[in-house]
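Shown next, in structure tokens, is the structure this report addresses.
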Amino acid sequence: MERSEAGLQLWASVRDRTAVCPTCGTATARVHGRYLRQLTDTPVAGQPTRILLRVRRFICANTACAVRTFVEQVNGLTRRRVRSTDGLLRMLTAIALALAGRAGTRLAAVLGVLTSRSSLLRLVRALPDPPQRLVAVLGVDDFAIKRGHHYGTVLIDCETGQVIDLLVGRDAAPLASWLAAHPTPQVICRDRASAYAEAARTSAPDAVQVADRFHLWANLATAVERCVARHKACLHEPAANTPAEQQPPSLTETPEPSGAMAQRRREHHKLVHDLIAQGAGLRQIARHLGWGRHTVQRYARATTWHEMVVGQKPRPSRLDHSSPTFSAVSARDASTRSPCTARSPPRASPAATASCGRSWNSTAPHPT
Numbered sequence: 126m127e128r129s130e131a132g133l134q135l136w137a138s139v140r141d142r143t144a145v146c147p148t149c150g151t152a153t154a155r156v157h158g159r160y161l162r163q164l165t166d167t168p169v170a171g172q173p174t175r176i177l178l179r180v181r182r183f184i185c186a187n188t189a190c191a192v193r194t195f196v197e198q199v200n201g202l203t204r205r206r207v208r209s210t211d212g213l214l215r216m217l218t219a220i221a222l223a224l225a226g227r228a229g230t231r232l233a234a235v236l237g238v239l240t241s242r243s244s245l246l247r248l249v250r251a252l253p254d255p256p257q258r259l260v261a262v263l264g265v266d267d268f269a270i271k272r273g274h275h276y277g278t279v280l281i282d283c284e285t286g287q288v289i290d291l292l293v294g295r296d297a298a299p300l301a302s303w304l305a306a307h308p309t310p311q312v313i314c315r316d317r318a319s320a321y322a323e324a325a326r327t328s329a330p331d332a333v334q335v336a337d338r339f340h341l342w343a344n345l346a347t348a349v350e351r352c353v354a355r356h357k358a359c360l361h362e363p364a365a366n367t368p369a370e371q372q373p374p375s376l377t378e379t380p381e382p383s384g385a386m387a388q389r390r391r392e393h394h395k396l397v398h399d400l401i402a403q404g405a406g407l408r409q410i411a412r413h414l415g416w417g418r419h420t421v422q423r424y425a426r427a428t429t430w431h432e433m434v435v436g437q438k439p440r441p442s443r444l445d446h447s448s449p450t451f452s453a454v455s456a457r458d459a460s461t462r463s464p465c466t467a468r469s470p471p472r473a474s475p476a477a478t479a480s481c482g483r484s485w486n487s488t489a490p491h492p493t
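Residue numbers (our numbering): 126 to 493.
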């Protein structure tokens with residue numbers, strides 16, 4: 126053993142006189158040659174460790190074997206064409222599974238192992254797939270690989286919460302192929318996409334299709350908001366015999382959406398519906414206006430332009446908590462101001478203006 130600035134170096138050799146051919150399993154003692162093999166091992170006390178192992182190349186005694194020579198391997202220490210010990214590979218694999226690439230590289234450097242994120246990811250990819258159990262409740266949902274461009278489908282075991290598989294695209298064909306190649310689940314929990322429903326009916330007709338809780342709440346909230354926006358005019362008329370001061374909060378008048386965004390939504394809604402009235406299709410309108418097809422579809426489905434402003438709430442300001450004070454001061458000043466003062470501001474005399482100018486010139490810093 127040697128110790129240097131680079132770390133620890135251990136010299137070792139194999140003591141067995143014979144070796145077994147990995148191809149045919151024949152034991153042999155005929156040595157073809159020897160060479161020095163360098164292996165990186167797990168750090169000792171935070172110091173990098175390297176094993177300099179002298180190995181032998183043997184000649185296979187079986188003349189019918191496809192391999193003429195082979196190098197002896199030490200079980201639990203060496204592997205063919207690998208410059209790291211099994212212990213170091215197990216440690217790096219555990220780090221890669223827990224922290225993935227960049228974070229795993231930083232932790233390995235602290236422990237005394239220099240590696241790259243690509244090496245850690247290769248260790249994860251080299252692991253065998255875990256054994257799959259029969260999925261009783263299959264969760265199906267889409268995810269964005271690149272939002273607005275590429276999407277995929279994720280399959281989840283709802284009982285364990287583990288991801289089963291990732292499919293390319295969110296059409297019916299990939300999911301139908303996957304269901305046809307695997308045992309049919311009892312329940313398929315999905316969103317309201319028609320493609321997933323078609324795939325489930327085609328490849329798993331006996332499975333019960335249900336909607337997950339998140340999409341149920343999301344669809345309900347969207348439907349309620351659109352309904353309220355469509356019937357907003359019904360809430361503007363107060364009761365005939367109820368004074369304005371005694372009106373319940375639910376009957377108070379809601380302000381009409383205003384601003385540049387509301388104006389654009391109004392114009393876009395009218396433009397889309399005018400083109401539809403002329404007989405144009407949604408794809409034709411999208412190409413003509415340079416919009417996305419889903420954007421044109423939302424405008425086409427909206428009965429009124431108010432539905433397109435649902436969820437557009439005014440942004441909070443830092444002065445919101447002081448707005449009552451500002452309103453009270455403004456109202457007080459307006460009530461105490463005289464008519465003459467309100468019409469024109471008071472003018473200072475020329476002498477006072479000259480005096481103020483001399484005073485400012487004497488105190489203000491000159492620009493440099």
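Idealized CB from N, CA, C, for every residue including glycine. Quick caveat, the model's predicted, so the values are computed rather than measured.
Problem set entry | Close beta carbons around His340, own chain, < 8 Å, minus the five adjacent residues each side | If you number the sequence shown from 1, residue 340 lands on position 215. Asp316 and Arg317, listed in sequence order.
Problem set entry | Stretch pair the region 216–231 + the region 182–192: three plus CB contacts closer than 8 Å | no
Exercise. What alpha helix (DSSP H) runs, 4 residues minimum, are completely inside the region 287–374?
Worked result: 297–306, 319–328 and 338–355
For this session: Taking only the alpha-carbon atoms, compute the straight-line gap between Ser243 and Val249 and give it to the nearest angstrom.
Result: Locating residue 243 in the sequence shown gives position 118, where the first residue counts as 1. Locating residue 249 in the sequence shown gives position 124, where the first residue counts as 1. Spanning the two alpha carbons is a distance of roughly 10 Å.
Exercise. What's the C-alpha gap between Ser448 and Ala385?
Worked result: The residue labelled residue 448 in the question sits at position 323 within the sequence shown. The residue labelled residue 385 in the question sits at position 260 within the sequence shown. Approximately 23 Å, taken between the alpha carbons.
Exercise. Counting along the chain, where does the beta strand (DSSP E) carrying Gly277 start and finish?
Worked result: Counting from one through the sequence shown, the residue named residue 277 turns up at place 152. Run containing Gly277: His275 to Asp282, per the beta strand (DSSP E) assignment.
For this session: Starting from Asp166, follow the beta strand (DSSP E) in both directions and report where the run begins and ends.
Result: Start at 1 with the first residue of the sequence shown, and residue 166 comes out as number 41. Looking at the DSSP string, the run of the beta strand (DSSP E) that includes Asp166 is Val156 to Val169.
Exercise. Can you tell which of Leu178, Trp430 and Val335 has the C-alpha that lies nearest to the C-alpha of His87?
Worked result: Shown here, the chain extends from 126 to 493; a query on residue 87 therefore has no answer.
Exercise. What residue from Arg140, Ala170, Leu135 and Phe195 has the CA that sits closest to Cys146's CA?
Worked result: Stepping through the sequence shown from its first residue, residue 146 is reached at position 21. The option with the nearest alpha carbon to Cys146 is Phe195.
Exercise. Is the Cβ-Cβ distance between Val293 and Gly277 less than 7 Å?
Worked result: As a first step, residue 293 is located in the sequence shown; it is residue number 168 there, counting from the start. As a first step, residue 277 is located in the sequence shown; it is residue number 152 there, counting from the start. Taking 7 Å as the Cβ cut-off, Val293 and Gly277 qualify as a contacting pair.
Exercise. Going by Cα to Cα distance, which pick from Val260, Leu164 and Val434 is closest to Gly201?
Worked result: Within the sequence shown, numbered from 1, the residue matching residue 201 stands at position 76. When each option's Cα is compared against that of Gly201, the closest is Leu164.
Exercise. Alpha carbon to alpha carbon, what distance is there between Val288 and Pro253?
Worked result: Counting from 1 along the sequence shown, the entry for residue 253 is found at position 128. Counting from 1 along the sequence shown, the entry for residue 288 is found at position 163. So the alpha carbons of these two residues sit roughly 15 Å apart.
Exercise. Is it buried or exposed for Phe268, if we count other Cβ within 10 angstroms and need 16 for buried?
Worked result: Numbered from 1 along the sequence shown, position 143 holds the residue referred to as residue 268. Counting Cβ neighbours within 10 Å, Phe268 comes out exposed, since fewer than 16 surround it.
Problem set entry | Endpoints, the alpha helix (DSSP H) within which Asn243 is located | If you number the sequence shown from 1, residue 243 lands on position 118. Note that residue 243 is Ser in the sequence shown here, rather than Asn. Per DSSP, Ser243 belongs to the alpha helix (DSSP H) from Arg242 to Ala251.
For this session: Alpha carbon to alpha carbon, how far is Arg162 from Arg179? Give it in angstroms, no decimals.
Result: For the purposes of this step, residue 179 is identified with residue 54 of the sequence shown, where counting begins at 1. For the purposes of this step, residue 162 is identified with residue 37 of the sequence shown, where counting begins at 1. Approximately 6 Å between the Cα atoms of the pair.
For this session: Below 8 Å on the Cβ atoms is my guess for Leu304 versus Ala329; work out the distance and round it to an integer in Å.
Result: One-based indexing of the sequence shown puts residue 304 at position 179. One-based indexing of the sequence shown puts residue 329 at position 204. Indeed, because the Cβ distance is near 5 Å, the residues count as touching under 8 Å.
Exercise. Is the region 254–264 in contact with the region 227–238, if contact means three or more CB pairs nearer than 8 Å?
Worked result: no
Problem set entry | Residues sharing a beta bridge with Arg175, DSSP | Position 50 of the sequence shown holds residue 175. In DSSP, Arg175 forms a bridge with Gln134 and Thr165.
Problem set entry | Member of Gln409, Tyr424, Cys185 and Ala402 whose CA lies at the smallest distance from the CA of Arg389 | Sequence index remark: in the sequence shown, residue 389 carries index 264 (1-based). Of the listed residues, the one whose Cα sits closest to Arg389 is Tyr424.
Problem set entry | Delimiting residues of the alpha helix (DSSP H) encompassing Ala411 | What you label residue 411 is simply residue 286 of the sequence shown in a count that begins at 1. From DSSP, the alpha helix (DSSP H) with Ala411 extends over Leu407 to Leu414.
For this session: Could you tell me if Ile270 is buried or exposed, where buried requires 16 or more neighbouring beta carbons within 10 angstroms of its beta carbon?
Result: Within the sequence shown, the letter at position 145 stands for residue 270. Counting Cβ neighbours within 10 Å, Ile270 comes out exposed, since fewer than 16 surround it.
For this session: Report yes if the CB atom of Arg205 is closer than 7 Å to the CB atom of Ile184, and no otherwise.
Result: Reading the sequence shown from its first residue, position 80 is the one you call residue 205. Reading the sequence shown from its first residue, position 59 is the one you call residue 184. Contact flag unset, no.
Exercise. CA-CA distance, Ser455 and Arg426?
Worked result: The residue you call residue 455 lines up with position 330 of the sequence shown. The residue you call residue 426 lines up with position 301 of the sequence shown. Spanning the two alpha carbons is a distance of roughly 45 Å.
Exercise. In chain order, what residues of the same chain have a beta carbon less than 7 Å from the beta carbon of Glu432, not counting five sequence neighbours either side?
Worked result: For this step, residue 432 is matched to residue 307 along the sequence shown. Counting only Cβ-Cβ distances below 7 Å, and skipping sequence neighbours, we find Arg351, Ala354 and Arg355.
Exercise. Quick one: Cα of Ala320 to Cα of Leu245, how far?
Worked result: In the sequence shown, counting from the first residue as 1, residue 320 sits at position 195. In the sequence shown, counting from the first residue as 1, residue 245 sits at position 120. The alpha-carbon atoms of Ala320 and Leu245 are separated by roughly 37 Å.
Problem set entry | Reference Ala516, options Gly404, Pro173 and Thr420, closest by Cα | Outside the displayed range of the chain (126 to 493) lies residue 516, so it cannot be described from this structure.
Problem set entry | Spatial neighbours of Ala186 in its chain, beta-carbon cut-off 6 Å, leaving aside the 5 residues before and after | For the purposes of this step, residue 186 is taken as residue 61 along the sequence shown, with counting starting at 1. The answer, listed in chain order, is Thr151 and Thr153.
Exercise. Leaving out the 5 sequence neighbours to the left and right, which residues in its chain are closer than 7 Å to Leu300 when beta-carbon positions are compared?
Worked result: Position 175 of the sequence shown, counting from 1, holds the residue named residue 300. Cβ within range, chain order: Val265, Thr278, Leu292, Tyr321 and Ala324.
Exercise. In three-state terms, what does DSSP make of Gly119?
Worked result: In the structure as shown, the chain starts at 126 and stops at 493, and residue 119 therefore has no counterpart that could be examined.
Exercise. Applying the criterion that 16 or more other CB atoms from any shown protein chain within 10 Å of the CB defines a buried residue, is Ser297 buried or exposed?
Worked result: Along the sequence shown, one-based indexing puts residue 297 at 172. Looking at the sequence shown, residue 297 is not Ser but Ala. Buried.
For this session: Spatial neighbours of Gly158 within its chain, please: CB distance less than 8 Å, with the 5 preceding and 5 following residues excluded, ordered by chain position.
Result: Within the sequence shown, residue 158 is the residue found at index 33, counting from 1. The answer, listed in chain order, is Arg181 and Arg182.
Exercise. Would you say Thr309 and Ala332 are within 7 Å of each other, going by their C-beta atoms?
Worked result: Start at 1 with the first residue of the sequence shown, and residue 309 comes out as number 184. Start at 1 with the first residue of the sequence shown, and residue 332 comes out as number 207. Yes, Cβ-Cβ distance for Thr309 and Ala332 is below 7 Å.
For this session: May I ask you to list the residues that DSSP assigns as paired with Ala269?
Result: The count along the sequence shown starts at 1 and reaches residue 269 at position 144. Bridge partners of Ala269: Tyr276.
For this session: Identify, in the order they occur along the chain, each residue of the same chain with its Cβ nearer than 6 Å to the Cβ of Thr377, setting aside the five sequence neighbours on each side.
Result: Stepping through the sequence shown from its first residue, residue 377 is reached at position 252. A caution first: Thr377 carries a pLDDT of 46, below 50, which makes its placement in the model too unreliable to give a value.
Problem set entry | Below-7 Å beta-carbon distance, Ile270 vs any chain B residue | In summary, chain B is missing from the structure at hand, where a single protein chain is found.
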